[in-house]
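Using the working numbering, read the sequence shown as starting at -17 and increasing by one per residue. Cβ coordinates follow ideal geometry from the N, Cα and C atoms, glycine included.
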Amino acid sequence: GNSGQGVFLVTNNFDAHIGGPAVTDGNTIAHNGRHGVRINALSERNELQNNSIYSNDLLALDLDGDGISRGDPQDEDVGANTVQNFPLIATAIGHDDDLRVAGSLTTTPLTQFRIEVFVSLSADPSGFGEGRYPLGSFSVTTSAAGLAVFDRKIVLGSAQFSEMRTGVVTATATDPLGNTSEYSAARA
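Pasting the structure below:
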């Protein structure tokens, strides 16, 4: 870590890829004095995938640098990564070697999104997420009203399972253009 941002995408930054589709493509972004990743306004299509982002002094991922970005119906606002709405996790229930996560995403209508799920030992002090261990991802498609409801099972590895027993689960949403949301509120 350092005393500033772990990764800082300045204004008018487009098409950055932080991490990638394979688990081995991810980065560890931790122990920074500010945000893990901060994406400034007017920067879009900046995709985060399979990263381990935790133990930063401010939010793990902050769009526009203004703290937690509250969602809006049909996600019609503008800003960093179009201020993509994050998912809402209703339940996260661990079983022997899997996690069942249920929730919803309200965003752009009739669009497919990737939901990426994470587990961390604890939430950010804000109650919102960090993402120490990427658990996996799945796709959802929103209705004409912009709603996608999900209830999925994710198989866990041994390190992930150990953390999940005492930790919290969070998620991000990424649209087809690569706009990744902030982390959701943490769910124990």
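Limits of the unbroken beta strand (DSSP E) element including residue i
i: G76; result: 70 to 76
i: S121; result: 115 to 123
i: V150; result: 150 to 156
Residue i vs residue j beta-carbon contact at 9 Å
i: S37; j: F110; result: no
i: G40; j: R16; result: Residue 40 is actually Leu in this sequence, not Gly. Their beta carbons are under 9 Å apart, which means L40 touches R16 by this criterion.
i: T93; j: T124; result: yes
i: G85; j: I71; result: yes
i: L(-9); j: S25; result: yes
i: A168; j: S102; result: yes
Top-ranked residue by Cα proximity to residue i, from the options
i: L114; options: V137, H13, G(-14), E58; result: It is Arg, not Leu, that sits at residue 114 in the sequence shown. The candidate whose alpha carbon is nearest that of R114 is H13.
i: A122; options: G149, S104, N33, R96; result: A quick correction: the sequence has Val, not Ala, at residue 122. Minimum Cα distance to V122 is reached at R96.
i: D157; options: D(-3), R82, E112, F(-10); result: D(-3)
i: T88; options: Q(-13), A62, I71, D57; result: D57
i: N161; options: V151, S102, L30, L81; result: L30
i: G(-14); options: N(-5), R20, A170, V150; result: R20
Identity of the residues DSSP links to residue i by a beta bridge
i: G1; result: Q31
i: R134; result: V83
i: Y36; result: A12
i: T162; result: T156
i: S102; result: V150
Point to revise | Complete runs of the beta strand (DSSP E) confined to the region 40 to 72 [at least 3 residues] | key: 43 to 45
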